[in-house]
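Take a look at the structure below.
Residue numbers (this note's numbering): 65 to 205.
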């Protein structure tokens, strides 16, 4: 079976990582991980009943994908209240997972039944649903 572009890129990356690690010394057992300070600039409320699976800020809106069988949704959140100002419920058989925006499309994954739902990123109107092979909650070629 041919590797394809992604497979060839993965092989190249793995080879480069292996070759670059030759001769490298192992880190000390006592080396502490770096501490990266963070500052909360503003805290917004969130619906405690929502099982958040993904957040993305797009076109001035905070979009959230939620999961749970029978209660998975794609939502636009009102930052003042943490509640949805718009939402689309997924089919009860679908457990919503992560969301992301790429170009003019928003994508939402489902867990176990392996669907990718493609939306118009501006209108959030579903465009198509595609089945994919799923391994450990990730997409692979």
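Ideal Cβ positions, reconstructed from N, Cα and C, are used throughout, including at glycine.
{"Query": "In the DSSP assignment, find the unbroken beta strand (DSSP E) run with residue 158 in it and report its ends.", "Result": "It is not in any beta strand (DSSP E) - residue 158 carries neither H nor E in the DSSP assignment."}
{"Query": "Going by beta carbon distance, what residues of the same chain come within less than 7 Å of residue 165, once the five residues before and after it are set aside?", "Result": "120, 122 and 185"}
{"Query": "Taking the alpha carbon of residue 156 as the reference point, which residue from 162, 135 and 148 has its own alpha carbon closest?", "Result": "135"}
{"Query": "Can we say the segment 166–183 touches the segment 107–116, given the rule of at least three CB pairs closer than 8 Å?", "Result": "no"}
{"Query": "How would you label residue 113, buried or exposed, when you count the other beta carbons within 10 angstroms and need 16 or more for buried?", "Result": "exposed"}
{"Query": "Which term fits residue 137, buried or exposed, when burial requires 16 or more other beta carbons within 10 angstroms of its beta carbon?", "Result": "buried"}
{"Query": "State the Cα-Cα distance for the pair residue 99 and residue 192, rounded to the nearest angstrom.", "Result": "43 Å"}
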